[in-house]
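*Asks:* Protein chains in written order, with the numbering used here: chain C, 1 to 340; chain D, 1 to 340; chain G, 1 to 340; chain W, 1 to 340.
4 protein chains.
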Amino acid sequence: MILRFRLDATEEQVEELVQRLEGAGCRTRRSPEPGRAIVALLDRPPAALAAELARHPLVEEVVAPKGDLRLVHRSFHEQPTVVRAGGLEIGGPGVVVIAGPCSVEGRDFMDEVAGHCARAGAHMLRGGAYKPRTSPYSFQGFGVEGLAQLKDAGERHGLPVVSEIMDGAHLPAFLDHDVDCLQIGARNMQNFTLLKAVAAAGRPVLLKRGLAGTVEEWLYSAEYLCAFGCPQVILCERGIRTYEPATRNTLDLTILPLLRELTHLPVIVDPAHAVGVARFIPPLARAAVAAGADGITVEVHPRPEEARSDGPQALLPGELAGLVADLRVLAAVGGRGLAD
Amino acid sequence: MILRFRLDATEEQVEELVQRLEGAGCRTRRSPEPGRAIVALLDRPPAALAAELARHPLVEEVVAPKGDLRLVHRSFHEQPTVVRAGGLEIGGPGVVVIAGPCSVEGRDFMDEVAGHCARAGAHMLRGGAYKPRTSPYSFQGFGVEGLAQLKDAGERHGLPVVSEIMDGAHLPAFLDHDVDCLQIGARNMQNFTLLKAVAAAGRPVLLKRGLAGTVEEWLYSAEYLCAFGCPQVILCERGIRTYEPATRNTLDLTILPLLRELTHLPVIVDPAHAVGVARFIPPLARAAVAAGADGITVEVHPRPEEARSDGPQALLPGELAGLVADLRVLAAVGGRGLAD
Amino acid sequence: MILRFRLDATEEQVEELVQRLEGAGCRTRRSPEPGRAIVALLDRPPAALAAELARHPLVEEVVAPKGDLRLVHRSFHEQPTVVRAGGLEIGGPGVVVIAGPCSVEGRDFMDEVAGHCARAGAHMLRGGAYKPRTSPYSFQGFGVEGLAQLKDAGERHGLPVVSEIMDGAHLPAFLDHDVDCLQIGARNMQNFTLLKAVAAAGRPVLLKRGLAGTVEEWLYSAEYLCAFGCPQVILCERGIRTYEPATRNTLDLTILPLLRELTHLPVIVDPAHAVGVARFIPPLARAAVAAGADGITVEVHPRPEEARSDGPQALLPGELAGLVADLRVLAAVGGRGLAD
Amino acid sequence: MILRFRLDATEEQVEELVQRLEGAGCRTRRSPEPGRAIVALLDRPPAALAAELARHPLVEEVVAPKGDLRLVHRSFHEQPTVVRAGGLEIGGPGVVVIAGPCSVEGRDFMDEVAGHCARAGAHMLRGGAYKPRTSPYSFQGFGVEGLAQLKDAGERHGLPVVSEIMDGAHLPAFLDHDVDCLQIGARNMQNFTLLKAVAAAGRPVLLKRGLAGTVEEWLYSAEYLCAFGCPQVILCERGIRTYEPATRNTLDLTILPLLRELTHLPVIVDPAHAVGVARFIPPLARAAVAAGADGITVEVHPRPEEARSDGPQALLPGELAGLVADLRVLAAVGGRGLAD
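(1) Please list the partners that Arg248 (chain G) has in chain C, where partner means a Cβ-to-Cβ separation under 9 Å.
(2) In chain G, what lies closer than 7 Å to Ala212 (chain W) by C-beta?
(3) Out of W:Ile184, W:Ala288 and W:Gly202, state which residue places its alpha-carbon closest to the alpha-carbon of Leu194 (chain W).
(4) Using the Cβ count rule (16 or more neighbours within 10 Å means buried), how would you classify Pro57 (chain G)?
(5) When DSSP builds the beta bridges, which residues end up paired with Ile38 (chain C)?
(6) Have a look at D:Gln149, D:Cys236, D:Val72 and D:Cys26 and flag the residue whose alpha-carbon is nearest the alpha-carbon of Val269 (chain D).
(7) On a Cα-Cα basis, can you pick out the residue from C:Ala169, C:Cys102, C:Val72 and C:Gly276 that is closest to Glu223 (chain C)?
(8) Helix, strand or coil: how does DSSP classify Ile90 (chain D) here?
(9) Does the distance from the C-beta atom of His123 (chain G) to that of Ala148 (chain G) stay below 8 Å?
(10) Could you name the residues that DSSP lists as bridge partners for Glu52 (chain D)?
(11) Starting from the beta carbon of Leu42 (chain W), find every residue of chain C whose beta carbon is closer than 7 Å, and list them in chain order.
(12) Figure out for me which residue from W:Ala246, W:Asp340, W:Leu262 and W:Ala227 has the closest Cα to the Cα of Arg27 (chain W).
(13) By DSSP, does Leu251 (chain C) sit in helix, in strand, or in coil?
(14) Using a Cβ cut-off of 7 Å, pull out every chain G residue sitting near Arg286 (chain W), in sequence order please.
(15) What are the residues of the stretch 251-274 of chain W that lie near chain G, defined by any Cβ-Cβ distance shorter than 7 Å?
(16) Within 10 angstroms of its Cβ, does Gly318 (chain D) collect 16 or more other Cβ (buried), or is it exposed?
(17) Classify Asp310 (chain C) as buried or exposed, calling it buried when 16 or more other Cβ atoms lie within 10 Å of its own Cβ.
(18) Are Pro304 (chain C) and Pro312 (chain C) close, meaning C-beta to C-beta below 8 Å?
(19) Can a CB atom of chain C be found closer than 8 Å to the CB of Pro283 (chain D)?
(20) From the beta carbon of Leu147 (chain D), is the nearest beta carbon of chain C less than 8 Å away?
(21) For Ala293 (chain G), count neighbouring C-beta atoms within 10 Å of its own C-beta (all shown protein chains included) and say buried if the count is 16 or more, exposed if not.
(22) Tell me whether the beta-carbon of Thr263 (chain C) lies closer than 8 Å to the beta-carbon of Arg29 (chain C).
(23) Under 8 Å between beta-carbons, which chain W residues line up against Asp176 (chain G)? List them in chain order, please.
(24) Is there at least one Cβ from chain G nearer than 8 Å to Asp310 (chain D)'s Cβ?
(25) Along chain W, in chain order, which residues have C-beta atoms closer than 9 Å to that of Glu15 (chain C)?
(26) For the stretch 187-214 of chain C, enumerate the residues whose C-beta is nearer than 7 Å to any C-beta of chain W, in chain order.
(27) Opposite Met124 (chain D) in the DSSP bridges: which residues?
(28) Expressed to the nearest angstrom, what Euclidean distance is found between the alpha-carbon atoms of Arg248 (chain W) and Arg20 (chain W)?
(29) Can you list, in chain order, the residues of its chain with a C-beta nearer than 7 Å to that of Phe93 (chain G)? Leave out the 5 residues immediately preceding and following it.
(30) With which residues is Lys208 (chain G) paired in a DSSP beta bridge?
(31) Taking only beta-carbon atoms, is Met1 (chain W) less than 8 Å away from chain C?
(32) Quick check on Leu320 (chain W): buried or exposed, where buried means 16 or more other Cβ atoms within 10 Å of its Cβ?
(33) Can you have a look at Asp167 (chain C) and say buried or exposed, based on whether 16 or more other CB atoms are within 10 angstroms of its CB?
(34) Within 8 Å, do at least three Cβ pairs link the stretch 37-46 of chain C to the stretch 89-104 of chain C?
(35) Considering Cα atoms alone, identify which of D:Gly87, D:Thr214 and D:Phe142 is closest to Gly342 (chain D).
(36) Under a three-way DSSP split, which group does Glu305 (chain W) fall into?
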């Protein structure tokens with residue numbers, strides 16, 4: 001249940017009602033926005049109190065979302081959430097481009113790629129230090145050393161960084177190296193242990209949709225993050241598993257306009273993991289922005305044939321630059337622009 | 001197997017080789033394009049002849065597509081196919097917009113809707129006279145009378161028309177009323193009896209992808225049309241069946257860049273049947289064009305709440321006009337434009 | 001809406017109410033069962049009449065199924081439907097085994113296979129004369145000559161026959177050759193034109209589930225058959241299309257107990273098209289009977305490597321005999337037995 | 001690569017070759033079976049050594065599985081693996097029944113349910129102490145106290161116990177309470193961090209298939225467990241996510257005969273999470289055993305309407321007893337029996 005107060009409700013009045021709710025055993029959360037007071041009730045209030053809320057003079061509207069979604073629910077915010085990661089705004093007027101290699105592969109390499117990304121106009125640097133691999137015998141990433149290389153390259157080229165975290169025990173390393181945004185991978189979308197651990201760190205989180213995650217499950221996983229302390233969540237669509245064998249996955253842009261109504265969280269799109277073929281990525285990245293995405297994330301490698309992982313889906317630096325130029329025009333068509 | 005002749009091969013030389021192939025029991029088809037001679041072999045040639053073809057001085061390239069695809073295969077044409085339906089070009093430089101009601105619902109109504117579509121900038125008028133309905137008790141369309149109303153409205157407003165055909169026995173009615181393009185619906189994608197019957201009519205065909213049709217199966221159904229006499233095929237993606245219950249279907253734009261490499265046929269997108277909610281359609285139509293579609297088809301109704309079928313997914317005339325304006329800009333970004 | 005009359009309602013009383021309903025523009029259908037009168041209303045009755053029915057002294061229960069399902073709905077019958085095809089009962093106490101080649105491949109061949117099937121204990125002979133093939137260049141069956149060969153072989157070995165029909169125009173050939181049961185293939189589950197045409201013939205129909213047909217759509221297709229004149233429908237589960245590439249399809253036995261509650265129609269299972277590998281078929285056929293199927297259909301070929309189609313999923317005659325023996329025991333465990 | 005030695009190869013000869021491989025940087029694993037020596041190579045051997053192995057006089061067969069599967073590959077064992085958990089054999093001649101409540105809900109409750117399970121003939125007691133829940137606000141289990149209650153109840157009634165582990169940090173609690181088998185839940189099938197942690201404990205692991213896990217991914221997750229120290233893995237099919245909304249999931253029995261060829265690990269089936277409706281579970285449990293499963297796992301609750309989670313899919317104790325009786329007969333049909 002979400003209480004949207006009247007604009008003229010005073011802070012004292014709101015606080016008093018919140019205290020009564022908490023006193024009745026009903027935990028509450030206040031929306032962080034300035035302006036209208038909005039309060040989510042995590043527990044069901046006693047019947048008498050619920051009835052009172054429904055006709056309370058201070059409450060303009062009581063929203064009762066289906067199921068348990070509260071903190072990510074669209075009505076918990078007046079405005080869409082703008083996530084701030086290392087100076088970059090995601091979900092604001094500017095569309096963002098996240099780019100970088102699949103895996104961090106060395107210090108010089110990261111410096112080279114970060115330079116390409118920055119010059120091409122990307123806004124954030126990605127790179128995997130801990131890699132979830134289907135096979136136990138595949139390259140599993142350089143670990144903490146990879147985080148250092150990623151962050152150094154980002155700093156040298158003025159780009160905040162994002163990297164996937166697979167284990168709560170690695171959190172100190174991510175914080176020590178000041179990774180600006182923590183990525184939860186598709187296979188961990190419902191790893192509730194990890195969600196809780198990462199939420200507690202208070203960093204922005206990029207939450208990928210599971211390989212076969214429903215919109216509802218995905219939003220619940222975002223609700224876990226919010227409920228356990230992290231309101232700075234970016235949703236990332238990355239293709240879903242379907243019956244179609246002609247492409248690796250099916251990029252689900254159909255849900256983009258729907259998500260705008262269900263949640264206030266920003267949504268970006270990763271076209272690369274859906275198609276798995278570099279030359280098919282730019283058209284899909286353009287489609288994502290045309291459908292209203294707040295940004296895209298792509299993989300870049302100057303020599304894809306040498307990549308330690310996912311080379312076939314890496315753009316060349318020049319392809320990235322061309323794509324960014326296209327997105328700049330497309331974003332303008334949609335009344336936005338690229339982020340600064 | 002597809003033989004791509006050298007540009008300097010003379011017509012006599014090509015014809016002679018074709019005769020030898022036919023004489024050896026191997027049926028052939030000539031690509032309709034001017035310029036380079038391209039010949040598809042429908043049957044497997046005898047081994048000795050096959051070996052000879054592989055090093056034949058007149059043959060620049062022998063393409064052996066995986067499986068049986070030949071006439072729809074990209075290498076059977078130098079240029080993408082441009083389908084011509086009632087004066088409209090589909091698959092040419094201009095992106096096309098097909099619009100109209102789900103069902104034809106009366107003479108005055110069709111006149112009204114066709115006027116809206118024409119003024120909004122649509123290029124072709126759609127409308128169902130024979131409706132495939134899941135339930136035997138649902139409205140099944142006005143039949144032949146609907147075809148007459150559709151065609152009259154199209155003529156009055158200068159729009160060629162497209163309508164779904166469900167039964168080969170109805171072909172005379174479609175031809176009598178000069179329906180410019182025959183639509184094969186999703187549920188009939190693998191109705192091979194219908195494909196053969198419709199192909200024989202020699203009209204352009206709009207072939208919808210099946211509810212769970214693979215790209216391969218879909219192209220084979222297009223191959224049926226070509227093999228039985230209809231080379232003027234437009235593919236139409238309309239959303240596939242996935243595990244996700246939040247949207248009616250999942251619009252599969254992922255396959256668009258892939259289709260460009262697999263086939264020379266034009267591809268349009270029907271976003272409405274995928275999402276089923278009118279306000280979600282424009283973002284997805286924009287995405288389709290941004291991903292490279294040759295056009296879109298949408299449903300329009302001036303009073304959706306009164307529609308005999310699919311009202312919730314019908315755009316208002318004003319929404320259609322706004323969408324066409326957006327697509328004009330988007331198409332320009334992609335180096336194209338809207339059709340005249 | 002389905003009216004279940006009291007057991008003591010007289011035929012005159014029932015008839016009188018039916019006449020009033022018909023007089024009010026509400027078409028009705030009487031359940032063919034003896035005993036309790038059950039009447040399905042195909043149209044919605046006027047409000048006053050509906051209200052009267054709800055408390056009518058002759059009506060014991062008014063069932064209002066969700067959606068439009070009526071004639072196939074469980075409550076339209078007291079007892080499960082027993083389909084009778086050429087002397088064989090399907091859906092009765094005995095579990096049935098349908099067997100035969102994928103394609104009819106010649107007179108001697110059919111005689112040989114039919115002999116194997118009869119000796120192995122199968123109850124009905126299957127064989128395709130018209131073959132739905134994904135590619136236009138694949139073998140499309142021997143047509144009417146195949147029907148003759150199938151029927152002759154069946155008669156020689158005392159087996160009724162079933163064969164797929166793809167075109168309403170072929171109905172006279174099926175009836176001329178007295179094909180005992182008409183099969184609607186998976187790709188035609190929602191070929192409403194074919195459903196209507198086949199229904200009118202009044203023969204038993206074996207209706208395969210579509211490649212991605214939902215239970216609801218499948219039952220609606222059965223409702224088409226019933227509504228257009230064919231109450232003798234056998235449902236056939238044959239595997240659905242899922243994301244899993246390790247098997248051709250996924251046999252959906254999960255729906256078997258559900259179907260028992262939704263419909264009175266018999267349900268058989270075709271494990272071969274789901275797995276596509278002969279040696280995996282017997283365990284799945286056993287599973288189908290253990291889950292409560294009324295029968296199975298399998299393909300048999302004495303020399304699978306020579307089969308014109310689907311050889312890899314054909315059982316050898318000896319394997320069929322072993323499977324029938326297993327099913328006899330399994331059916332007994334479930335309190336049934338094999339059909340005579 | 002898997003080396004299957006000749007039966008007359010001596011231990012010294014095998015050891016010498018293994019030492020050479022290890023010396024060349026190629027890690028190896030010895031199959032734990034007595035009898036024939038079988039060695040898996042985790043790394044690719046140098047080309048010269050690989051060539052030598054191919055024609056080595058001591059090596060009867062070199063198996064090169066597609067991809068990276070080695071330790072779970074069928075050819076790594078002569079015999080199927082029999083997992084031993086608390087005295088119970090899983091994968092041996094006897095089919096096993098695992099039963100218990102979804103969640104551990106209290107000491108007396110567990111004693112009651114365990115008594116029911118033991119008397120009904122179940123072989124192992126299940127119960128969730130840590131519950132993966134889609135919503136952060138749902139009941140998350142009693143944690144370590146739940147483990148104590150589960151184990152006590154199991155001991156009192158002579159049943160080994162299995163419970164889901166969601167966090168490597170909880171391992172000491174599972175070991176302290178001597179939980180006989182650790183369950184990895186469907187949502188954690190590709191939680192590689194958890195797989196590695198759990199593998200190190202050396203306990204038997206019941207690995208559920210992911211909600212949309214492919215057979216290949218599932219086997220790779222089992223390979224993780226084996227590679228990191230746990231060869232005692234039980235695979236558990238629990239229904240996959242498909243387009244069909246009529247049932248919660250689709251139980252995939254189609255893969256059972258396939259798994260027998262791909263791996264030596266035992267496979268059990270959880271029908272309850274697929275159908276989600278108690279009365280549909282027994283037919284599917286019977287189907288699973290008829291298809292060759294090594295066992296089933298079901299949920300039991302004496303008062304399902306009071307269950308803290310998943311009440312609608314819990315069998316009553318009497319229903320469990322009836323099911324066990326059915327399975328006893330079915331297992332006998334398949335030449336097996338129930339475990340003692």
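The beta carbon of each residue, even a glycine, is placed where N, CA and C say it ideally should be.
Nothing here was measured: the structure is a model prediction, and the numbers come from that model.
*Replies:* Short version:
(1) Taking a Cβ-Cβ threshold of 9 Å, none of the residues of chain C is close to Arg248 (chain G); the smallest such distance is about 11 Å.
(2) The contacting residues are Tyr243.
(3) With distances taken between Cα atoms, Leu194 (chain W) lies closest to W:Ile184.
(4) Under this definition Pro57 (chain G) is an exposed residue.
(5) Ile38 (chain C) is bridged to C:Arg4.
(6) For the options D:Gln149, D:Cys236, D:Val72 and D:Cys26, the alpha carbon positioned closest to that of Val269 (chain D) is the one of D:Cys236.
(7) It is C:Val72.
(8) Correct three-state label for Ile90 (chain D): strand.
(9) At least 8 Å separates the beta-carbon of His123 (chain G) from that of Ala148 (chain G).
(10) Residue pairing by DSSP places Glu52 (chain D) in no beta bridge whatsoever.
(11) Result: Tyr137.
(12) Scanning W:Ala246, W:Asp340, W:Leu262 and W:Ala227 for the CA closest to the CA of Arg27 (chain W) turns up W:Ala227.
(13) It is coil, neither helix nor strand.
(14) Ala290 and Ala291, listed in chain order.
(15) Within the stretch 251-274 of chain W, the residues whose Cβ lies closer than 7 Å to some Cβ of chain G are Leu251, Asp252, Leu253, Thr254, Ile255, Leu256, Pro257, Leu258 and Ala274, listed in chain order.
(16) Sixteen is the threshold: since fewer than 16 other Cβ atoms of the shown chains lie within 10 Å of the Cβ of Gly318 (chain D), the residue is exposed.
(17) In this structure Asp310 (chain C) is buried. Its beta-carbon is surrounded by 16 or more other beta-carbon atoms within 10 angstroms.
(18) Result yes, Cβ atoms of Pro304 (chain C) and Pro312 (chain C) sit closer than 8 Å.
(19) Interface annotation, Pro283 (chain D): in contact with chain C, CB-CB separation under 8 Å.
(20) Not flagged as an interface residue toward chain C: Leu147 (chain D), since no C-beta distance is shorter than 8 Å.
(21) When all chains shown are included, Ala293 (chain G) counts as buried.
(22) Pairing Thr263 (chain C) with Arg29 (chain C) gives a Cβ-Cβ distance that is not under 8 Å.
(23) In chain order: nothing, as chain W lies at least about 39 Å away.
(24) False, the Cβ-Cβ gap to chain G never drops below 8 Å.
(25) Correct list: empty, because the minimum Cβ distance to chain W is about 23 Å.
(26) Sequence-ordered contacts of the stretch 187-214 of chain C with chain W read Arg187, Asn188, Gln190, Asn191, Phe192, Thr193, Leu211 and Ala212 [C-beta pairs closer than 7 Å].
(27) In DSSP, Met124 (chain D) forms a bridge with D:Ile98.
(28) Rounded to whole angstroms, the separation of the alpha carbons of Arg20 (chain W) and Arg248 (chain W) is 53 Å.
(29) According to the sequence displayed, residue 93 (chain G) carries Pro and not Phe. Within the same chain, Pro93 (chain G) has close Cβ partners Arg336 and Gly337.
(30) DSSP lists G:Cys236 as partners of Lys208 (chain G).
(31) So no, Met1 (chain W) is outside the interface.
(32) By the neighbour-count rule (16 or more Cβ atoms within 10 Å), Leu320 (chain W) is buried.
(33) When all chains shown are included, Asp167 (chain C) counts as buried.
(34) With the cut-off at 8 Å, the stretch 89-104 of chain C and the stretch 37-46 of chain C do not touch.
(35) Given that chain D is displayed from residue 1 to residue 340, the structure contains no residue 342 (chain D) and the question cannot be resolved.
(36) Glu305 (chain W): helix per DSSP, three-state reduction.
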